[in-house]
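Just below is one structure, and these are the notes that go with it.
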Amino acid sequence: MSHGAAAKPARARRSENLSGTVRIPGDKSISHRSFMFGGLASGETRITGLLEGEDVINTGKAMQAMGAKIRKEGDTWIIDGVGNGALLAPEAPLDFGNAGTGCRLTMGLVGVYDFDATFVGDASLTKRPMGRVLDPLRQMGVQVTAAAGDRLPVTLRGPKAANPITYRVPMASAQVKSAVLLAGLNTPGITTVIEPVMTRDHTEKMLAGFGANLTVETERDGTRVIRLEGQGRLKGQTIDVPGDPSSTAFPLVAALIVPGSDVTILNVLMNPTRTGLILTLQEMGAQIEVVNPRLAGGEDVADLRVRSSALKGVSVPEERAPSMIDEYPVLAVAAAFAEGETVMKGLEELRVKESDRLSAVAAGLTLNGVDCDEGETSLVVRGRPGGKGLGHASGAAVATHLDHRIAMSFLVMGLASEHPVTVDDATMIATSFPEFMAMMTGLGAKIEAP
Ligand code: S3P
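Shown next, in the form of structure tokens:
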């Protein structure tokens, strides 16, 4: 299966001594929001370090289709925004490809406008639940036409004036929180989002940076109450996007499990809502040195020096899941090389990512000789330090289900397994990390077409 182009399998083989210094491409979450908020704000937004993956480019195209002017000069993306409240009706369906974030956030951004906007995507996105965003939009007065089960294609039409709502987010989802807040931008009055479990806070931070009147109150039990005043002015900004911690996870875990490795990863976003994997790996005994921690554009950033480490299994606290939700596939791979058992719980959201990641990971691990148990919302992995017997000698391929993180995780696994690990398609890695193959082989990883 592929996301349009023909599927291209890839195979990773046991490697040694990964070494070098790399700079990870820009954070995907911040890159999407940079295009959206820049496209919406009045005046010019200048972005450096933007992730130029397919997902983010689709968000840029959607903003262009709604009136934003976007160009690139040298390394800088320059956006002339339309001004808050002034998006234009798109003439054709907005195609978000593989990207849940682009699609769901834009549904909030434009759904409350008094015109039709239609949303489509690839085979993976078309299977993903949109009701989590459509439900609050309906409460705001948006008319929704959707395929069965609130799936794509979806057409939204806003009312003359949307209702400001108070919405308690029912699952730990930054996309849902963000969609409601973005709908609130073009709604009179105060839109309130109650977030019982904190998720990545890029929308709140960045909207405040663009001049939105937004407050966050944290109650004693950790519940966050976010209030946004609608119809305010947003003003273009200068943004330098830090490196994506979710992409960092792949060379990082590779360096830990491949013997003799010493890799430095520069300019990694260290926002505490995103660093759960690093903390977990450190608890497992990983040698990850956080070098030169600093603030850049209001975000914590640091360089990471990572050396091969003997890992031990741990029990990952359930409440940590939101800060590492995209990293469980590659954590499961690290766990496959750890001594003892790693227990991961509270994984219900993994079932509705680009694929059902819980079953895709369990199937891939099992295919490659790892002892693991898939529960309804949990995964237990029993590791084999040294990777003896792991991998698949006759080259059976892991089914990636159009999921970039499944493909990258299993390619990392093959670098430390006794036998090679093959994935059925690597093309969709370009949605989030187009430089992955070149960066990994540059460090000494043996990855090739089978
Ligand atoms: C994202 C939120 C998360 C994450 C996704 C990016 C965002 O999704 O998995 O990759 O940028 O807001 P959920 O909101 O569905 O948890």
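Residue numbering for the sequence shown follows the working numbering, starting at -8 and increasing by one per position. Backbone N, C-alpha and C fix where the C-beta goes; we use that ideal spot for every residue, glycine too. All values derive from a computational prediction rather than experimental measurement.
{"Item": "Identified DSSP bridge partners for Arg285", "Value": "Val292"}
{"Item": "Beta-ladder partner(s) of Leu243, from DSSP", "Value": "Leu243 is not bridged to any residue."}
{"Item": "Close beta carbons around Ala165, own chain, < 6 Å, minus the five adjacent residues each side", "Value": "Thr190, Arg191"}
{"Item": "Near the ligand S3P: Leu19 beta-carbon under 8 Å from a heavy atom", "Value": "It should be noted that the sequence gives Lys, not Leu, for residue 19. True, at least one ligand heavy atom lies under 8 Å from that Cβ."}
{"Item": "Residue from Phe106, Lys379, Val47, Leu41 with nearest C-alpha to Met57", "Value": "Phe106"}
{"Item": "Buried/exposed call for Arg95, threshold 16 Cβ in 10 Å", "Value": "buried"}
{"Item": "Limits of the unbroken beta strand (DSSP E) element including Tyr158", "Value": "157 to 159"}
{"Item": "Span separating the alpha-carbon of Lys151 from that of Ala53", "Value": "23 Å"}
{"Item": "Check: Ser314 C-beta below 8 Å from any heavy atom of the ligand S3P", "Value": "no"}
{"Item": "Limits of the unbroken beta strand (DSSP E) element including Arg211", "Value": "That residue, Arg211, is in no beta strand (DSSP E); it is neither H nor E in DSSP."}
{"Item": "Contact set for Ala387: own chain, Cβ-Cβ below 8 Å, skip 5 residues either direction", "Value": "Leu358, Thr413"}
{"Item": "Close-in-space but distant-in-sequence residues of the same chain around Ser369 (CB under 8 Å, 5 per side omitted)", "Value": "Val334, Met335, Lys336, Gly337, Leu338"}
{"Item": "Continuous beta strand (DSSP E) assignments of at least 3 residues falling wholly in the region 17 to 103", "Value": "33 to 39, 60 to 64, 67 to 73"}
{"Item": "DSSP-derived helix/strand/coil call for Met(-8)", "Value": "Residue confidence for Met(-8) is low, a pLDDT of 37 falling below 50, so the modelled location carries little weight and cannot support an answer."}
{"Item": "The region 343 to 350 contacting the region 107 to 121, beta-carbon criterion three pairs below 8 Å", "Value": "yes"}
{"Item": "Proximity winner among Ile256, Gly251, Arg396, Gly122, relative to Leu322 (alpha-carbon distances)", "Value": "Arg396"}
{"Item": "Supposed close pair Asn89, Met399 - CB separation, criterion 8 Å", "Value": "Asn89 to Met399, Cβ: 14 Å. No contact."}
{"Item": "Cβ-Cβ distance between Ala32 and Gly289 below 9 Å", "Value": "no"}
{"Item": "Cβ separation of Ile181 and Pro155, assumed to be a contact under 8 Å, to the nearest whole Å", "Value": "6 Å"}
{"Item": "N-terminal and C-terminal residue of the beta strand (DSSP E) that Val412 is part of", "Value": "412 to 414"}
{"Item": "For Gln134, the first and last residue of its enclosing alpha helix (DSSP H)", "Value": "Taken as a continuous stretch (DSSP letters only), Gln134 belongs to no alpha helix (DSSP H), being part of the beta strand (DSSP E) at 134 to 138."}
{"Item": "Beta-carbon gap between Gly234 and Gly40 smaller than 9 Å", "Value": "yes"}
{"Item": "Among Gln278, Glu426, Pro441, the one whose alpha carbon lies nearest that of Ile15", "Value": "Glu426"}
{"Item": "Residue of Arg24, Gly51, Ala163, Ala240 minimising C-alpha distance to Asp231", "Value": "Arg24"}
{"Item": "Ala174: CB within 8 Å of a non-hydrogen atom of the ligand S3P", "Value": "no"}
{"Item": "C-alpha gap between Val207 and Val324, whole angstroms", "Value": "36 Å"}
{"Item": "Cβ-heavy atom distance, Leu96 to the ligand S3P, below 8 Å", "Value": "yes"}
{"Item": "The ligand S3P heavy atom lying under 8 Å from the CB of Asp212", "Value": "no"}
{"Item": "Coarse secondary structure for Met431, derived from DSSP in three states", "Value": "helix"}
{"Item": "Beta-carbon proximity of Leu295 to Ile256, cut-off 9 Å", "Value": "yes"}
{"Item": "Closest Cα partner of Ala460 within the set Val292, Ser10, Leu341", "Value": "The question about residue 460 has no answer here: the residues shown for the chain are numbered -8 through 441."}
{"Item": "Check: His395 C-beta below 8 Å from any heavy atom of the ligand S3P", "Value": "no"}
{"Item": "Contacting residues, own chain, Cβ-Cβ under 6 Å from Lys168 (five flanking each side not counted)", "Value": "Val160, Val184, Glu186"}
{"Item": "Burial state of Glu439, where buried means 16 or more other Cβ atoms lie within 10 Å", "Value": "exposed"}
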